[in-house]
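Chemist: Structure below; questions to follow.
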Amino acid sequence: WADKIHGLTVPADGSYHVQTLHEPIGVAGQIIPWNFPLLMYAWKVGPALACGNSIVLKTAEQTPLSALYVSNLLLE
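Just so you know, the sequence shown maps onto residues 139 to 214 in the working numbering.
Following this line, the structure appears as structure tokens:
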């Protein structure tokens, strides 16, 4: 899943080897507002999952079912 994030080797002088490595942060907390819940869900969940993070998602009180429905679709 995290195949879009790659490390980078930076040229350095002398006998040094410089390398950057992108690693998952761990847990990403996401707060979804009541307006445009599916769009905000996609904007926040997609990049976090692509980087290999896990997500804690809090939806608005007015629109909790849209995020639950999309999450169930992702499980399928």
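Even for Gly, the Cβ is constructed at its ideal location relative to N, Cα and C.
1. Under a Cβ-count criterion, where at least 16 other Cβ atoms within 10 Å of its own Cβ denotes burial, should Leu212 be classed as buried or exposed?
2. Helix, strand or coil for Ser192? Go by DSSP, reduced to three states.
3. Just to confirm, is the Cβ distance from Val194 to Gly167 under 7 Å?
4. Return the chain-ordered ranges of every beta strand (DSSP E) run that is complete within the region 159-208 and spans a minimum of 3 residues.
5. CB-CB under 8 Å to Trp139, same chain, minus the five flanking residues each way: which ones, in chain order?
6. According to DSSP, what are the bridge partners of Leu146?
Modeler: According to the structure shown:
1. With fewer than 16 other Cβ atoms within 10 Å, it is exposed.
2. Correct three-state label for Ser192: strand.
3. Yes.
4. Listed in chain order, they are 165-169, 192-196.
5. Caution applies to Trp139, whose pLDDT of 45 falls short of 50 and renders its modelled position unreliable; the value that the coordinates give is listed next. Excluding sequence neighbours, Trp139 sits near Leu187, Ala188, Gly190.
6. Thr158.
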